[in-house]
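Every letter in the sequence shown is one number past the one before it in numbering that gives the first Met the number 0, and letter 133, counting from 1, is 132.
Built from N, CA and C at the ideal position, the CB exists for glycine as well.
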Amino acid sequence: MKLHSFHGRSRSLILFLITLLILSSCIKQEEYSDIPAISSRQFLLVFDTGQYATRGILSFNFQDGDGDIGLRPSDTFPPFERSGNFYYNLVISYFEKQNGIWVEVDLTPPYSARIPMLNPGYPGKAIKGFISDTLAMDPSPDFDTVMLELFIYDRALNQSNILSTPDIVLKRSL
0 MKLHSFHGRS RSLILFLITL LILSSCIKQE EYSDIPAISS RQFLLVFDTG
50 QYATRGILSF NFQDGDGDIG LRPSDTFPPF ERSGNFYYNL VISYFEKQNG
100 IWVEVDLTPP YSARIPMLNP GYPGKAIKGF ISDTLAMDPS PDFDTVMLEL
150 FIYDRALNQS NILSTPDIVL KRSL
């Protein structure tokens with residue numbers, strides 16, 4: 000099964016994150032752990048005319064005590080090189096429920112993404128907010144129930160907790 004990522008998602012993610020930064024600069028300083036933390040917000044399915052979802056919108060909350068979440072486009076040298084484990088700082092794993100058992104499926108291209116620099120003008124300042132990402136869903140899946148697991152890395156390579164979505168049923172109930 001091949002899934003393709005949504006082409007406009009990087010632009011939408013960047014615009015959303017810029018808005019978040021502007022709003023967060025007006026809020027009083029809070030203290031959090033320097034290890035990023037994420038928590039569930041929501042996952043919404045988008046149906047076009049067919050029986051199965053074509054897109055999913057993944058939203059989650061985040062916080063980081065030293066605000067070092069995000070990568071610059073030029074961050075492509077170790078440890079952030081394309082072939083390395085830290086190229087993507089939003090890591091999303093995709094699972095299908097196959098005959099009652101969760102099976103991880105490698106997607107090409109992956110759902111994982113590079114979150115842009117969130118706090119470039121304020122190094123060391125705590126940050127919190129939410130991230131939303133649009134994911135293309137297979138319009139004719141072999142299995143109709145999936146789940147996502149995700150985590151983020153900060154620039155110091157600290158990994159957040161792992162967040163799992165509830166079961167996602169891709170088929171529209173009529």
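Item: Cβ pair Leu-169, Asp-143 closer than 7 Å; Value: yes
Item: Between the CA atoms of Ile-114 and Met-0 - distance to the nearest angstrom; Value: With a pLDDT of 41 at Met-0, under the threshold of 50, the predicted position of this residue should be treated as unreliable, and no value is reported.
Item: Straight-line gap, Glu-95 to Ser-111 (C-alpha atoms, nearest Å); Value: 17 Å
Item: Rounded C-alpha distance that separates Asn-88 from Ile-151; Value: 5 Å
Item: CB contact flag (Pro-138, Tyr-51, <7 Å); Value: yes
Item: Nearest-angstrom beta carbon gap, Arg-54 and Phe-129 [assumed within contact, 8 Å]; Value: In fact, because the Cβ distance is near 18 Å, the residues do not count as touching under 8 Å.
Item: Option in Ile-100, Val-145, Met-146, Ala-155 with minimal Cα separation from Met-116; Value: Ala-155
Item: Span of the beta strand (DSSP E), counted from its first residue to its last, around Asp-63; Value: 52-63
Item: Ser-92 vs Glu-103 beta-carbon contact at 7 Å; Value: yes
Item: DSSP state of Phe-15 mapped onto helix, strand, coil; Value: helix
Item: 8 Å Cβ shell around Phe-5 - same chain, five flanking residues per side excluded; Value: Bear in mind that the predicted position of Phe-5 carries a pLDDT of just 48, short of 50, making it unreliable; the figure below should be weighed with that in mind. Once the five neighbours on either side are set aside, the close Cβ partners of Phe-5 are Arg-54, Thr-133, Leu-134, Ala-135.
Item: Supposed close pair Ser-38, Phe-15 - CB separation, criterion 8 Å; Value: Actually they do not touch by this definition, with Cβ atoms about 18 Å apart.
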